[in-house]
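Heads up, the thing below is written out as structure tokens.
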Amino acid sequence: MPEFPPALLLIFGAALVPILPLAARRIYVIALPLAALAYIFGLPHGEFAQITLLQGFGEMTGLRVDKLSKAFGIIFTLNAVIAFLFAFYVKRSDQHVAALVYIGGALGVVFAGDLISVYIYWELMAVASTFIILARQTERAKGAAFRYLLIHIVGGLILLAGIVLTIGAQGSIAFDPFSWDARHLGTWLILVGVLVNAAAPPFSAWLSDAYPEASVTGGLILSAYTTKTSVYVLLRGFTDPGNAAHEAWPILIVVGCVMALYGIIFALLENDMRRILAYSIINQVGFMVCAAGVGTSMAVDGAVAHAFCHIIYKSLLWMSAGAVLYRVGKSKCTELGGLYKTMPLTLIFGTIGALAISALPFTSGFTSKTMIVSDIHHHAELFWAWLVLEIASAGVFLHAGIKFPYFVFFNKDRGHRPKEAPKTMLIAMAILAFFCILLGCWKAPLYALLPNGGLDSYTGETYQPYKWAKIITQMQLLMFSALVFFLFLKLLKRTPTIVLDTDWFYRKFGKIGYRFADGLFNTLNATVHRVVVISGLGKLGAFLAKGPQEVVGALGDMFAGESSDKIAERLRSGTFPIGLAALFGMLLFALLYFL
Amino acid sequence: MSEEQPKQEKQNKEFDWFDRPKSRRLLWILLWAICGLFLLLEFTIKRKAVFTIEKMPFFFAILGFVACAVSILIAKGLGYILKVPEDYYEPEEDRLPWDVEGGEDNA
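Those protein sequence lines, which keep their order, are chains A and B.
For reference, each letter of the first sequence is one residue, going 104 to 698 in the numbering used here.
For reference, each letter of the second sequence is one residue, going 54 to 160 in the numbering used here.
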């Protein structure tokens with residue numbers, strides 16, 4: 104019986120990274136996720152690694168293995184292997200430590216069988232990913248990491264509140280599907296907490312703010328895990344295709360549709376190539392969230408398949424953008440162009456990723472995305488969702504499929520003549536490009552991983568994306584999108600600008616809040632300092648030095664008829680007549696008595 | 054980078070097919086031809102329409118065209134409000150204490 108969660112392999116394994124010499128470290132960071140991949144592949148289904156922590160609330164389950172968790176576990180580790188191959192050039196170890204812990208956290212969530220474990224790994228991911236962003240060591244990365252952490256702390260606390268309420272309501276810590284009709288405040292809070300990490304508007308700005316500020320490798324690693332882990336939690340916690348009594352969460356359909364459209368519009372507005380890719384993550388995750396909202400077995404299969412393929416082609420896109428950034432040192436469309444001349448392989452691999460994200464027939468996006476859209480197509484009441492997803496499919500081709508390669512590799516020659524990407528980067532891209540085409544042409548291995556085996560619930564057979572009519576209509580959709588791009592090219596001219604997103608609210612109000620707090624508390628501090636420390640303490644000191652003598656002098660004057668000067672003289676020399684000393688002694692006792 | 058290099062010889066060798074006006078014209082023709090081809094192929098398929106709107110001839114071509122055109126126009130319109138200069142959040146005089154200087158994207 105396997106008792107060892109694969110998450111711990113990466114999390115504890117990360118501790119070795121800093122002490123290994125560079126050559127060994129490079130191999131080690133590739134071998135470690137590879138070992139995890141092999142381990143996950145061989146895991147039998149079932150619930151393992153159970154310990155009782157809270158009496159009466161059920162067991163903590165460190166390892167719940169079924170087809171859903173396995174599919175995510177496999178793609179998470181597979182992607183990690185290739186991402187670390189791409190990151191072969193990295194000499195520092197801090198990024199790799201953070202990345203391994205982060206990926207370990209993602210695996211932890213995926214294999215967790217209870218809500219407490221989910222929360223622990225969830226927060227681990229948030230912290231580790233912040234360090235990945237910080238590892239860029241630029242001023243902007245620090246600001247972005249700061250904002251990123253704040254948002255994820257808020258999201259994590261909402262999730263925690265939801266988890267606590269849910270545990271109270273269901274009486275156990277088990278992480279089982281929440282039904283729509285049994286919804287309560289706790290499940291709503293969990294949903295919101297998860298949607299923050301899924302980058303659903305209006306909580307999405309952290310993604311386009313932080314990921315593009317990470318380093319070449321950092322952005323690549325980040326792009327795969329946080330949002331897809333949320334998709335997993337949505338599929339695990341908010342759908343239950345095997346259970347006829349379970350009701351899906353229709354609100355997720357709306358959220359997914361908004362994400363799909365929002366990603367497109369903002370990607371069109373963006374100038375920075377990695378920001379364009381960041382927005383297209385939101386667009387793609389929208390498809391998966393929508394599928395989770397539909398919640399049928401085919402939609403869930405489609406969401407898993409799409410998450411699987413999405414991680415591959417999205418990593419490929421981030422790699423090609425990363426290779427350009429690595430070689431040219433620039434990431435803005437207004438500063439890039441004409442790179443096809445010297446980076447043709449990066450262009451070819453990037454274009455394969457771009458075509459896969461656009462779901463061109465015979466690429467992986469087509470075999471996965473059509474499954475979601477096709478299932479929704481069968482529901483007459485979901486007409487609007489279907490229409491939005493078709494529109495979003497066209498829009499993906501526009502912004503990620505054409506805009507990204509066109510403005511980076513073609514458009515205007517800006518005189519850059521960088522070398523082709525390093526060999527290890529090219530090999531990593533070639534492997535992912537191969538997967539993009541392989542899974543597009545040969546769907547069997549992909550569908551075999553899906554929770555319901557890719558079953559088409561309407562025909563009773565395995566889903567068949569390759570129908571002549573489907574290919575033709577998809578090509579019509581994509582080619583006319585391409586036509587619009589080139590016809591409207593003037594309107595798409597890039598400008599050296601950034602786009603305001605919902606982060607404007609906390610960035611602007613954050614600054615105002617900072618200045619307000621600065622004004623209020625620092626003024627208060629300064630006033631207190633002036634009044635108490637500078638003038639107040641001086642007066643107190645002067646009083647303590649001179650006060651007793653004056654009091655004694657005044658008393659002596661009053662009761663014994665000696666002048667205060669005389670008393671002061673006596674105080675200095677310590678010579679008092681007995682009567683006077685007795686008088687003062689009596690006054691002291693009287694004082695003590697009354698006080 | 055390249056401007057400093059000796060020009061003539063370098064540019065003769067360089068692969069610049071996509072920059073030539075002739076190639077660009079060819080690509081345009083190709084694009085229109087592909088669009089036309091897939092429009093014609095519409096007559097070879099029998100579509101299972103679930104929604105009434107799908108029964109419209111060339112529906113997906115029209116959808117792709119209109120959706121993208123409208124997206125671009127919306128983005129253009131929103132750009133007037135949402136696009137701001139790159140230093141919008143970080144004007145020099147507006148630095149906060151945590152905005153410390155950092156290094157390059159060093160590996």
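Ideal Cβ positions, reconstructed from N, Cα and C, are used throughout, including at glycine.
Just so we're clear, the structure is a prediction, and the values are computed from it rather than from any experiment.
Cβ neighbour criterion (16 or more within 10 Å) applied to residue i
i: Met422(A); result: buried
i: Phe76(B); result: The question names Phe, but residue 76(B) is Ser in the sequence shown. Classification of Ser76(B): exposed, given that the 10 Å Cβ count is below 16.
i: Pro680(A); result: exposed
i: Leu112(A); result: buried
i: Met104(A); result: exposed
i: Met661(A); result: exposed
i: Thr164(A); result: buried
i: Val153(B); result: A caution first: Val153(B) carries a pLDDT of 42, below 50, which makes its placement in the model too unreliable to give a value.
i: Ile185(A); result: buried
i: Lys642(A); result: exposed
i: Asn300(A); result: buried
i: Pro109(A); result: buried
i: Gly518(A); result: exposed
i: Ala408(A); result: buried
i: Glu57(B); result: Caution applies to Glu57(B), whose pLDDT of 48 falls short of 50 and renders its modelled position unreliable; the value that the coordinates give is listed next. Under this definition Glu57(B) is an exposed residue.
i: Ala285(A); result: exposed
i: Leu428(A); result: buried
i: Gly389(A); result: buried
i: Asp140(B); result: exposed
i: Ser220(A); result: buried
i: Leu695(A); result: exposed
i: Asp217(A); result: buried
Segment limits, alpha helix (DSSP H) that includes residue i
i: Leu647(A); result: Leu640 to Phe662
i: Thr527(A); result: Lys526 to Cys544
i: Glu226(A); result: Leu218 to Leu237
i: Ala141(A); result: Leu125 to Phe144
i: Pro548(A); result: Ala547 to Leu552
i: Leu479(A); result: Inspection of the sequence shows that residue 479(A) is occupied by Ile rather than by Leu. Here the alpha helix (DSSP H) through Ile479(A) covers Ser467 to His480.
i: Ser676(A); result: Ser667 to Ser676
i: Leu111(A); result: Pro109 to Gly116
i: Glu493(A); result: Phe486 to Val499
i: Pro447(A); result: Pro447 to Ile460
i: Arg618(A); result: Asp606 to Val631
i: Leu442(A); result: Counting along the chain, Leu442(A) falls outside any alpha helix (DSSP H), and DSSP gives it neither H nor E.
i: Val511(A); result: Phe507 to Phe512
i: Tyr192(A); result: No alpha helix (DSSP H) holds Tyr192(A); DSSP gives it neither H nor E.
i: Leu695(A); result: Ile681 to Phe697
Identity of the residue in the options nearest residue i by Cα
i: Phe452(A); options: Val407(A), Ser383(A) and Glu523(A); result: Glu523(A)
i: Phe118(B); options: Leu310(A), Met689(A), Leu594(A) and Leu590(A); result: Leu590(A)
i: Arg750(A); options: Leu463(A), Val655(A), Asp604(A) and Gly688(A); result: Because chain A spans 104 through 698 in this model, residue 750(A) falls outside it and cannot be assessed.
i: Pro138(B); options: Thr598(A), Ser666(A) and Leu643(A); result: Thr598(A)
i: Lys515(A); options: Pro521(A), Pro568(A) and Tyr443(A); result: Tyr443(A)
i: Phe538(A); options: Thr527(A), Tyr416(A) and Lys642(A); result: Tyr416(A)
i: Leu355(A); options: Asp375(A), Gly366(A) and Trp291(A); result: Trp291(A)
i: Gln198(A); options: Leu463(A), Gly321(A), Leu140(A) and Ala152(A); result: Gly321(A)
i: Cys88(B); options: Ile115(B), Phe68(B) and Asp140(B); result: Ile115(B)
i: Lys245(A); options: Leu125(A), Ile540(A) and Asp312(A); result: Asp312(A)
i: Ala348(A); options: Glu316(A), Val357(A), Thr399(A) and Asn386(A); result: Thr399(A)
i: Pro136(A); options: Ala402(A), Val200(A), Leu156(A) and Ala381(A); result: Val200(A)
i: Tyr314(A); options: Leu125(A), Gln387(A), Ala572(A) and Tyr251(A); result: Tyr251(A)
i: Gly149(A); options: Ser172(A), Ala139(A) and Gly159(A); result: Ser172(A)
i: Ser434(A); options: Ala317(A), Leu558(A) and Ser282(A); result: Ala317(A)
8 Å Cβ cutoff, residue i in contact with chain E
i: Ala86(B); result: In summary, chain E is missing from the structure at hand, where the protein chains are A and B.
Bridge partner(s) assigned by DSSP for residue i
i: Pro138(B); result: Thr600(A)
i: Met163(A); result: Ile154(A)
i: Gly149(A); result: Val168(A)
i: Thr565(A); result: Leu558(A)
i: Ala277(A); result: Asp217(A)
i: Lys435(A); result: Asp375(A)
The ligand NAD heavy atom lying under 7 Å from the CB of residue i
i: Tyr251(A); result: Looking at this structure, you won't find the ligand NAD or any other ligand, since it has none at all.
Where in the stretch 338 to 423 of chain A do unbroken runs of the alpha helix (DSSP H), each at least 4 residues long, occur, reported from the N-terminal end onward?
-> Segments of the alpha helix (DSSP H) lying fully in the stretch 338 to 423 of chain A: 354 to 372 and 376 to 397.
Those runs of the beta strand (DSSP E) which lie wholly inside the stretch 55 to 115 of chain B and span at least 3 residues = Runs found: none.
Hey, which unbroken runs of the alpha helix (DSSP H) at 4 residues or more fall wholly within the stretch 285 to 343 of chain A?
-> Fully enclosed alpha helix (DSSP H) runs of no fewer than 4 residues occupy 288 to 300, 308 to 313 and 319 to 341 of the stretch 285 to 343 of chain A, in order along the chain.
Could you name each continuous alpha helix (DSSP H) segment of 4 residues or more that falls completely within the stretch 239 to 274 of chain A, going from the start of the chain to the end?
-> Counting only unbroken stretches of 4 or more residues, the alpha helix (DSSP H) elements lying wholly within the stretch 239 to 274 of chain A are 242 to 273, in sequence order.
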